[in-house]
Amino acid sequence: MAENIKPDHPVKPPRDLRQELTDKLVQTLEQGQIPWDKPFAALRAGLPRNMETGREYRGGNRLMLMLEQADRGYTDPRYGTVKQINALGGRIKKGEHGLPVELWKEQPFYARKDISVTLNGMRVKVFSEKNGRAEVGMPTDKDATLHVKTTDLRVQRRTEQGPQHLSWDKARELDTWTSRVHTVFNVAQCEGLKLEPLAPAPTFDPVTRGESIKEAMARDALSYGEHPEHAFYSPKRDQVVLPPRGAFNSELGKEEGAARYYGTLLHEIGHATGAAHRLNREGITGGHRFGSEGYAKEELRAEMFSLFAAAQTGIPHDAERHAAYVQDWAKVLKNDKNEIFRAAAEAGKAVDYVLAKEQALQVTQERQTTAEVAERAADSAPQPELAQGKLKTVEIDAPAHWGSALVNRDESGLGDSEAACVKDWVGKKGVGWPVSMSEPFMGRHEGLLTEMATYSFLVREKDIGPSVDGGLNPDAGKPTGKPPTLHEALEASGWKSTPHGSYEKTFLLDKDKSKGGEFTHGKGTVEKILNVNTRSSGFVIAQGWDDIPVPVKDGLSPTERVAELDRAAKQLLMAEHGKSLGLTAIRGKGEPEVQPAPPAHDRMQEALLRENELLSKQPHELTFAEFATVATAQKLGPNHGREWAVFNGSAQRGELMGYAEGPTANDALRMMHKNRVNNALYDNMPDAVHPPGMEPKSMPPQQVLDEYPDLKEKFAPAIEEHRQMLAKEDRKAAEYQVMKQAEQGAGKDKSSAPDRSAEKSSEAPEADKPERPARPHPRLRQSNRKAAAMER
7 MAENIKPDHP VKPPRDLRQE LTDKLVQTLE QGQIPWDKPF AALRAGLPRN METGREYRGG
67 NRLMLMLEQA DRGYTDPRYG TVKQINALGG RIKKGEHGLP VELWKEQPFY ARKDISVTLN
127 GMRVKVFSEK NGRAEVGMPT DKDATLHVKT TDLRVQRRTE QGPQHLSWDK ARELDTWTSR
187 VHTVFNVAQC EGLKLEPLAP APTFDPVTRG ESIKEAMARD ALSYGEHPEH AFYSPKRDQV
247 VLPPRGAFNS ELGKEEGAAR YYGTLLHEIG HATGAAHRLN REGITGGHRF GSEGYAKEEL
307 RAEMFSLFAA AQTGIPHDAE RHAAYVQDWA KVLKNDKNEI FRAAAEAGKA VDYVLAKEQA
367 LQVTQERQTT AEVAERAADS APQPELAQGK LKTVEIDAPA HWGSALVNRD ESGLGDSEAA
427 CVKDWVGKKG VGWPVSMSEP FMGRHEGLLT EMATYSFLVR EKDIGPSVDG GLNPDAGKPT
487 GKPPTLHEAL EASGWKSTPH GSYEKTFLLD KDKSKGGEFT HGKGTVEKIL NVNTRSSGFV
547 IAQGWDDIPV PVKDGLSPTE RVAELDRAAK QLLMAEHGKS LGLTAIRGKG EPEVQPAPPA
607 HDRMQEALLR ENELLSKQPH ELTFAEFATV ATAQKLGPNH GREWAVFNGS AQRGELMGYA
667 EGPTANDALR MMHKNRVNNA LYDNMPDAVH PPGMEPKSMP PQQVLDEYPD LKEKFAPAIE
727 EHRQMLAKED RKAAEYQVMK QAEQGAGKDK SSAPDRSAEK SSEAPEADKP ERPARPHPRL
787 RQSNRKAAAM ER
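Those letters in the sequence shown? Residues 7 to 798, per this note's numbering, in order.
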């Protein structure tokens, strides 16, 4: 009987998304049309983003989704995969077709089969690497890991010529990237989704927003000029040149003319981001002439910049003004299918750069508002006691609920004891009564975390000393001579310069004699040396492997800047050694010994330790009450487009986490906290795909999950897998304890029995026998939950 042989079918090649998009764009360009010259009114709700994580798509994915969104008329910019849609309780409508997006994943060299890594001669597996440290473990035991320096690891590559030894940095050149095409669907293509309603689209005034961006880039050293007819960017002069505003009004109505003026300005600012001292883009620094391929590539990046920025600023994008480049763009794209993706990625970086400069300007302006209001109040109100001498504004923080008593002299909201406390506080400051107060924020008063406000005082300039927080300068009115430089202020405070350009200071830590290790036990005082480097924004304290920034406000004198540094240094030492050493005081070497602290100071130390402990954790690892204790929500201006900026810490020194909406600061903090918990749970989903270079976040604790029942239901698979992993670790720990107890019991039985072997044997004693081969590194064999979670 003849054998049935199935014909061979050729394997279907993987989808080439880049070639598909390039072919589509080239076809449109060769017809003399600009593919992205579309009505992008739908993008007022924001750039395309993932419906589950809220992350915006970037690079070529952003461009592809924007074009499809405009063609199909979608008004919601949120997209998701089939699994994400199902997890959100929805399903895809019948007959709908998804849109392809490209996801890249880094393949580190240590995952290659021809690479082996050893630690102290023992082969190990590398699970992750960041900032010069690697997480390694035994190849046969995935539950125990150890963090080591990459310089302690040895890398070997197998080649046809034999083993090749590589340094860690050299081996990084073997890193590769792999891509996969995923299909996503818009919200309009789904039904039954359990999503929060889309926030109303912010209304932007192109003129106001354009002036804001123009001023922000001017502070970044960009200059502006005029030309009768042409608009261009001059790299040599770092200058954006535009025709007069009237030239735009003559073509169109006044309102449309203004929008086109700022649209042209935005395009030229896009070119300016490529300067060497900004993003150092080859299209600007390469000196390409008009008509060259390099010139066309740079114009393509500026065009993508204008398109992306239009969706985030409301300043219209005018593609018609650049129609002359259509054929050049078609040629550039036809030669390289990756070019449109590179252009979109670099344009996205340029938009982020400009918007970051604008945000920094707005924060600076908002911080100056309080002082300006105070000065205006001083001009309209009589100040007979301050009639002589130049007036200056001094800002001091105090509890927000004192506001009515301090500013309006209305003590009706305070009890007798607290009203007396307010008067005593004003008397100790010695700067009179404040004229205004800022919006409330979370801060500390006498060590207790509470809602604070910044109060503005007006005093004669000669009465202001370097330590206003402690009251008037005792030497006020006396000649002070030339103010000290930063170097002199550091030296005066005990920071000594080193040959490496940094500064060192010895601190004396008064401690509990009964606490401490082998070298500090029994001592009442120990010394700690801190090393610091100066920066334009403040200082950086070197602490072990970490560099801890100490930012300081603009406008402070050198003495005040150093005072901020000393305060931060003592807080750092208290957070690190306060509990283990039982610290009672910290002072610089040479400073007088501090007397025993009153109860309020004890409370301050306890509150400080607690706050530093909370800040050391990720936001999703905190309950909302804990998160609200350390996070700060700052109200933004009317032209920003968002209501609140949320910081992890104070608005002055904390890290900007993002933006949120809500009628109150508490609502904004709640929105941000839930968002962080949501993202952490998503990162731990079994099928989650992580962007290149990003590791999965830790799992939120149970008490945090209990605060959001909807998230517990939404991410039940991730929570159940984590619970099973913990149960497995508990079983392994229990088995290990049973084994150790059995070994100890066997050892006791063996030691209690009479040893007659020495009488019958002439062998050397056990101690003289050669040792057995060493077992693997003991720390590598230890099992811990955190390591297992990180490995997974």
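Glycine included, each C-beta is placed from N, C-alpha and C at the ideal position.
CA-to-CA distance, residue j to residue i, given in whole angstroms
i: residue 213; j: residue 679; result: 34 Å
i: residue 175; j: residue 156; result: 9 Å
i: residue 521; j: residue 638; result: 36 Å
i: residue 676; j: residue 161; result: 47 Å
i: residue 112; j: residue 272; result: 34 Å
i: residue 52; j: residue 315; result: 10 Å
i: residue 583; j: residue 589; result: 7 Å
i: residue 482; j: residue 266; result: In this prediction, residue 482 has a pLDDT of 43, which is less than 50 and means its spatial position is unreliable; what the coordinates show is noted afterwards. Residue 482 and residue 266: Cα-Cα distance of roughly 56 Å.
i: residue 558; j: residue 133; result: 38 Å
i: residue 290; j: residue 556; result: 35 Å
i: residue 663; j: residue 624; result: 11 Å
i: residue 716; j: residue 404; result: 39 Å
i: residue 335; j: residue 130; result: 50 Å
i: residue 562; j: residue 532; result: 32 Å
i: residue 819; j: residue 59; result: Examination of residue 819 is not possible in this model, given that the chain is present from 7 through 798 alone.
i: residue 732; j: residue 714; result: 21 Å
i: residue 57; j: residue 206; result: 16 Å
i: residue 459; j: residue 446; result: 5 Å
i: residue 159; j: residue 311; result: 43 Å
i: residue 197; j: residue 101; result: 13 Å
i: residue 568; j: residue 627; result: 34 Å
i: residue 240; j: residue 566; result: 41 Å
i: residue 35; j: residue 41; result: 7 Å
Proximity below 8 Å, CB of residue i to CB of residue j
i: residue 87; j: residue 189; result: yes
i: residue 350; j: residue 66; result: yes
i: residue 27; j: residue 70; result: yes
i: residue 166; j: residue 151; result: no
i: residue 517; j: residue 501; result: no
i: residue 651; j: residue 665; result: yes
i: residue 94; j: residue 220; result: no
i: residue 799; j: residue 225; result: Since the first and last residues shown for the chain are 7 and 798, residue 799 lies out of range.
i: residue 721; j: residue 745; result: no
i: residue 432; j: residue 439; result: yes
i: residue 362; j: residue 279; result: no
i: residue 547; j: residue 579; result: no
i: residue 83; j: residue 55; result: yes
i: residue 354; j: residue 24; result: no
i: residue 306; j: residue 270; result: no
i: residue 1; j: residue 594; result: Only positions 7 to 798 of the chain appear in the structure, and residue 1 is not among them; the question remains open.
i: residue 246; j: residue 274; result: yes
Environment of residue i [buried if 16+ CB atoms lie within 10 Å]
i: residue 682; result: buried
i: residue 633; result: buried
i: residue 229; result: exposed
i: residue 586; result: exposed
i: residue 576; result: buried
i: residue 560; result: exposed
i: residue 672; result: exposed
i: residue 284; result: buried
i: residue 535; result: exposed
i: residue 298; result: exposed
i: residue 352; result: buried
i: residue 63; result: buried
i: residue 442; result: buried
i: residue 89; result: exposed
i: residue 794; result: Per-residue confidence for residue 794 stands at a pLDDT of 40, beneath the threshold of 50, marking its modelled position as unreliable; no derived number is given.
i: residue 296; result: exposed
CB contact check: residue i to chain D, cutoff 8 Å
i: residue 516; result: Chain labels in this structure do not include chain D; a single protein chain is all it has.
Closer than 7 Å: residue i CB and nearest the ligand FAD heavy atom
i: residue 361; result: By its list of ligands, the structure shown contains no ligand whatsoever, and the ligand FAD lies outside what it can speak to.
Practice problem: Starting from the N-terminal side, write out each stretch of the alpha helix (DSSP H) that is 4 residues or longer and does not extend beyond the region 259–303. | Solution: 260–278 and 288–291
Quiz prompt | Runs of alpha helix (DSSP H) lying entirely within the region 134–172, each at least 4 residues, in chain order | solution = none
Self-check item: the region 719–727 touching the region 625–645, judged by at least three CB pairs closer than 8 Å
Solution: no
Quiz item: How about the region 122–139 and the region 228–248: do they share at least three Cβ pairs that are nearer than 8 Å?
Solution: no
Quiz item: What runs of the alpha helix (DSSP H), each 4 residues or longer, lie entirely inside the region 205–253?
Solution: 212–224
Quiz item: At which residue ranges does the region 524–565 contain complete alpha helix (DSSP H) runs of 4 or more residues, listed in the order of the chain?
Solution: none
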